[in-house]
DNA sequence: TGTAGCATGTAAGCCGTTACATGATTGA
DNA sequence: TCAATCATGTAACGGCTTACATGCTACA
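Residue numbers (my numbering), protein chains in the order written: chain A, 120 to 301; chain B, 120 to 301.
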């Protein structure tokens, strides 16, 4: 039985504590920036701390120490609730907030050149994102074997890389179509 | 000079009023559900009304009528501010909230069968999303020529369809990898 | 010695959702 | 006549961000 219904981000952060170590709030934020941010959110520092407080109050997480250097680890109850949440609650469909697509939709409001410049800028941004994710993926090498702790993070990182490549290819094609339509 | 900095969703709704017609709040919500929802958000009914009120107060939208059947149209100032927003404000990178990827990341917490079932469920959900978007795309046929009003919406719909197909293909591959790893 | 990163929070406020309330119109 | 849909809001609240505050540690 789960104690409480928490927002997904709570479970996401809780989940980042299931990889065998215990972290400070600051380190947890770093881990979120390396993983969650690609397909969930990069919560603000202040939110990481407030979520940790809530998770602690609910007994899903235990704190060790006081003040600077305090670390947090997941409890047995936390592990149980997390597994329950993963198995029993509806998954929901992905939500995409895509400002480039939004502005392309409204392309008739500006010059075609503006739209084109925006799409090209997006291609640059995509390239940067790819190299950031590629670094993350590389950092998992060695622990991504079948039994390895980071097998699933590696699967997700591969997913992300393919996803970004698909986006790049689609946007490149859109550039051609917009150029052709001018 | 733009009057005010508004949230993106405001401009998104404002943008839906640039297609040559004037709409009631209810109709605007329907249009958002058919277009915005695939790559931005489907704002709640109540938000559509409150955004329309705000846009009216800022003079970006003009209301015609009172009470039931009140319609809204974009003003000249609204058109100007929207174009300014599109050209001058930073676009920002897409934000993806992907509960399936999140749960795959934490796959080591549950049975492989649970993960597999989740991925298969996602493939079903994707198929439904594709057919919904395909209908939208079809409804644009005829007005999607180069000069047509719905050329850009059609471009975005095509983007969405390719995007969903890429996702389907990636998830299908993940299913194979998860099966193989059991 | 000064700056960048490490580290931990509080407070205010906006965006957006859910729940609630109300009533007209249409069609089975 | 009943239900579904059309239609328009208000109120409460939660999630999350930004801004602000504070101080330590490492290193150039």
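A virtual CB, placed ideally from N, CA and C, is assigned to each residue, including glycine.
Within the model, the alpha-carbon separation for residue 177(A) versus residue 137(A) is close to 17 Å. Residues of chain A whose Cβ lies closer than 8 Å to the Cβ of residue 177(B) do not exist; the shortest such Cβ separation is about 17 Å. Contact between residue 240(B) and residue 214(A) fails: their C-beta atoms lie close to 17 Å from each other, not under 8 Å. Within 10 angstroms of the beta-carbon of residue 145(A) lie fewer than 16 other beta-carbons, which makes it exposed. Here residue 247(A) is exposed, its C-beta having fewer than 16 other C-beta atoms within 10 Å. The residues 183, 190, 191, 192, in chain order, have a CB closer than 8 Å to that of residue 141(A) in the same chain once the five nearest residues on each side in sequence are set aside.
CA-to-CA, the gap between residue 186(A) and residue 165(A) works out to about 15 Å. Of all residues in the segment 209–222 of chain B, only 210, 211, 212, 213, 214, 215, 216, 217, 218, 219, 220, 221, 222 place a beta-carbon less than 7 Å from a beta-carbon of chain A.
At a Cβ-Cβ threshold of 9 Å, residue 132(A) and residue 225(B) do not count as neighbours. Per DSSP, the continuous alpha helix (DSSP H) segment holding residue 242(A) begins and ends at 231–259. Residue 183(B) carries a strand assignment under DSSP once its states are collapsed to helix, strand and coil. Only 278, 279, 281, 282, 284, 285, 286, 288, 289, 290, 292, 293, 296, 297 from the segment 278–298 of chain A bring a Cβ to less than 9 Å from some Cβ of chain B. Counting C-beta atoms within 10 angstroms of its own C-beta, residue 270(B) has 16 or more neighbours from the protein chains shown and is therefore classed as buried. Taking the CA atoms as reference points, residue 227(A) sits about 8 Å from residue 268(B). Assigned with DSSP and collapsed to three states, residue 208(A) falls in coil, not helix or strand. Taking a Cβ-Cβ cut-off of 8 Å, the neighbours of residue 228(B) in chain A comprise 134, 137, 198, 201, 202, 205, given in sequence order.
Taking residue 294(A) as the centre and dropping the five residues before and after it, the same chain places the C-beta of 238 closer than 6 Å to its C-beta, in chain order.
Under DSSP, no beta-bridge partner is assigned to residue 148(B). Ranked by how close their Cα comes to the Cα of residue 148(B), the residues 163(B), 205(B), 157(B), 277(B) have 163(B) in first place.
In the three-state reduction of the DSSP assignment, residue 175(B) falls in the helix class, which pools H, G and I. Per DSSP, the continuous beta strand (DSSP E) segment holding residue 191(B) begins and ends at 190–193.
Judged by DSSP in its simplified three-state form, residue 214(A) adopts strand.
Pairing residue 206(B) with residue 233(A) gives a Cβ-Cβ distance under 9 Å. Contact between residue 158(B) and residue 279(B) is confirmed by a C-beta separation of about 6 Å, below the 8 Å threshold.
For residue 125(A), the three-state secondary structure derived from DSSP is coil.
Contact annotation: in the segment 150–176 of chain B, residues whose CB is within less than 8 Å of a CB in chain A are 154, 155, 157, 158, 159, 160. Here residue 194(B) has 178, 179, 180, 181 as same chain residues with Cβ atoms under 8 Å from its own Cβ, once five neighbours each way along the sequence are excluded.
Residue 142(A) sits in a strand when the DSSP states are folded into three classes.
For residue 124(A), no CB of chain B lies under 9 Å from its own CB, so it is not counted at the interface with that chain.
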